[in-house]
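Q: Per the numbering used here, the very first residue in the sequence shown carries number 3; after that it's consecutive.
Each residue gets a CB set at the ideal place from its N, CA and C atoms; glycine is no exception.
Submitted below is the structure of interest, expressed as C-alpha cells.
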Amino acid sequence: MPYRRRIIDDILDGVFPYLAAIALEGAKGVGKTATASQRATTVLSP
C-alpha cells in the first residue's frame with residue numbers, strides 16, 4: 003500500500019533535521035508508524 007502523506011508530514015519535514023529524537027502520539031490506526039517509517043534511517047525491532 004503506498005504511503006499517504008498527512009498534514010503533520012510538512013511540519014516534521016521542517017523540524018526533523020534539528021531534533022535528536024521525536025515522539026509521535028495519537029489514536030490507534032492513524033498512521034504514526036507509517037509516518038515514522040518514512041523518516042527512519044534505522045529501525046530496531048524486539
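(1) In chain order, what residues of the same chain lie with their CB nearer than 8 Å to the CB of tyrosine 5, ignoring the 5 residues before and after it?
(2) With the cut-off set at 8 Å, would you say glycine 33 and arginine 8 are in Cβ contact?
(3) I believe alanine 38 touches leucine 26 by the beta-carbon criterion, under 8 Å. Please report the beta-carbon distance rounded to the nearest angstrom.
(4) Who are the Cβ neighbours of glycine 28 in its own chain at under 6 Å, not counting the five residues just before and after it?
(5) Rounded to the nearest angstrom, what separates threonine 44 and isoleucine 10 at their Cα positions?
A: This is what the structure holds:
(1) Ala36, Gln40
(2) yes
(3) 6 Å
(4) Lys34
(5) 21 Å
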